[in-house]
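Asks: This structure is in structure tokens; I'll ask about it shortly.
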Amino acid sequence: MWHIILWIREAFSGIFRNFTMNGFAFILSMLCFSVLAFWMVVGINAQYVSTNLENKVQISVILDDTIKDYGEVEKKIKELEGVESYRFISKEEAYKEMEQSLGDRKEMLTELEFNPLPASFQIKLKNPKEIEKIAKTIETWGITKNIKYGEKFIENLFSTTEKIKKVAYIIIVIMGISAGSMLYVSIRVNILNRNKEIEIKNLVGAGVFNIRIPFILEAMILTTLSSMVVLVIFYLGYDRMIAELSGGIAFASSVPVNEMMKKMIPTMLMAAASIGFISSFLSTQRYLKRH
Numbered sequence: 069m070w071h072i073i074l075w076i077r078e079a080f081s082g083i084f085r086n087f088t089m090n091g092f093a094f095i096l097s098m099l100c101f102s103v104l105a106f107w108m109v110v111g112i113n114a115q116y117v118s119t120n121l122e123n124k125v126q127i128s129v130i131l132d133d134t135i136k137d138y139g140e141v142e143k144k145i146k147e148l149e150g151v152e153s154y155r156f157i158s159k160e161e162a163y164k165e166m167e168q169s170l171g172d173r174k175e176m177l178t179e180l181e182f183n184p185l186p187a188s189f190q191i192k193l194k195n196p197k198e199i200e201k202i203a204k205t206i207e208t209w210g211i212t213k214n215i216k217y218g219e220k221f222i223e224n225l226f227s228t229t230e231k232i233k234k235v236a237y238i239i240i241v242i243m244g245i246s247a248g249s250m251l252y253v254s255i256r257v258n259i260l261n262r263n264k265e266i267e268i269k270n271l272v273g274a275g276v277f278n279i280r281i282p283f284i285l286e287a288m289i290l291t292t293l294s295s296m297v298v299l300v301i302f303y304l305g306y307d308r309m310i311a312e313l314s315g316g317i318a319f320a321s322s323v324p325v326n327e328m329m330k331k332m333i334p335t336m337l338m339a340a341a342s343i344g345f346i347s348s349f350l351s352t353q354r355y356l357k358r359h
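If you want the working numbering, it's the position in the sequence shown, counting the first as 1, plus 68.
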């Protein structure tokens, strides 16, 4: 136990001993983690908005006026693989809904003296990405006047979401490498500045492991603290940032701040600790060999 306490004390001592370089590394780590956190927010919100819109996506099957056996059509839809639920809207129901939507202008319908609206099925899918395939299958039945499912909108939605996610992943990797590189250099400088101390430890038989651990803890403390500061800043400024991203108008559906923090905190802290560990491990592996 006293070994662990000693290692932690040495790690904090190392941070203050090489305060300028570590301070520079801390600030750069904060910048890297800020960019990483920003793109996490963008990526998570893009996925959240996309999922919400996907859940609202449905196929509107407008039946041909010659179709009278609605039960047979319903049976075929029920047997169709990938359908989660469906709703039949009769000509009469469609007429009533149109009347309600027209409000004071409903006289437009009564003047026609007949019901021009077709019967239809509104179909919700288990997987919205299969919407085009299922819509084309229904078209082959020869029962439709028209099928609506917002082809271009769906295509653009999936395409945009995937692009945002890819950009987010690439930037997260770049920022992780940048933060790790800065810490690698910082640990190297720390080792060079403490040459005499390391030589004395070697002479008294401290061993490479006991010499190495404080440097690794030092880097992990720096990255973890910098990521925690970034998380606090993002927590306090999240709503303002969302408003700015949407041009001053809050997203109709954005991830609530507490839910966002639940996603960000473990990811950011794990990434910070991993970056600190890997960069310091590689640096000590290379530069402590000289002693």
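A virtual CB, placed ideally from N, CA and C, is assigned to each residue, including glycine.
1. Return the Cβ separation of threonine 335 and methionine 108 in integer angstroms, given the expectation that the two are a contact with Cβ distance under 8 Å.
2. In whole angstroms, give me the CA-to-CA distance for isoleucine 83 and glycine 244.
3. Between which residues of its own chain and alanine 318 is the CB-CB distance below 7 Å, once the five residues before and five after are set aside?
4. My understanding is that isoleucine 191 touches valine 129, with C-beta atoms under 8 Å, so please give their C-beta distance in whole angstroms.
5. Check whether the Cβ atoms of isoleucine 157 and isoleucine 211 lie closer than 8 Å to each other.
6. Please report how far the alpha carbon of glycine 316 lies from the alpha carbon of glycine 305, in whole angstroms.
7. Alpha carbons only, please: which of Ile242, Met338 and Lys194 is nearest the one belonging to leucine 382?
8. Give me whichever residues DSSP pairs with serine 153 in a beta bridge.
9. Which of the three DSSP states is assigned to valine 298 in this structure?
10. Around the C-beta of glutamine 126, are 16 or more other C-beta atoms found within 10 angstroms, so that it is buried, or is it exposed?
11. Confirm, please, whether the CB-CB distance from threonine 291 to isoleucine 346 is below 8 Å.
12. Does glycine 316 come out as helix, strand or coil in the three-state DSSP assignment?
13. Rounded to whole angstroms, what's the CA-CA distance from methionine 288 to alanine 340? Just pull it up for me.
14. Cα-Cα, which of Glu165, Thr352, Phe94 and Asp133 is closest to asparagine 214?
15. Could you tell me the boundaries of the beta strand (DSSP E) in which threonine 360 lies?
16. Leaving out the 5 sequence neighbours to the left and right, which residues in its chain are closer than 8 Å to threonine 88 when beta-carbon positions are compared?
17. Less than 8 Å between the beta carbons of serine 81 and threonine 229, yes or no?
Replies: According to the data block:
1. With 8 Å as the limit, threonine 335 and methionine 108 qualify as a contact, their Cβ atoms being about 7 Å apart.
2. 21 Å
3. Low per-residue confidence applies at alanine 318: pLDDT is 43, beneath 50, and the placement is therefore not dependable, though the value from the model is reported in the following sentence. Excluding positions up to five away in sequence, the list reads Ile310 and Ala311.
4. 6 Å
5. No Cβ-Cβ contact shorter than 8 Å links isoleucine 157 with isoleucine 211.
6. Low per-residue confidence applies at glycine 316: pLDDT is 45, beneath 50, and the placement is therefore not dependable enough to give any value.
7. Any property of residue 382 remains undetermined from this structure, which presents the chain solely from 69 to 359.
8. Lys192
9. In the structure shown, valine 298 sits in a helix (DSSP, three-state: H, G or I).
10. buried
11. no
12. At glycine 316, the pLDDT of 45 sits below 50, so the modelled position is not reliable; the number obtained from the coordinates is stated separately. Glycine 316 falls in the coil class under three-state DSSP.
13. 7 Å
14. Asp133
15. No information on residue 360 is available, as it lies outside the stretch 69 to 359 that the chain covers here.
16. none
17. No.
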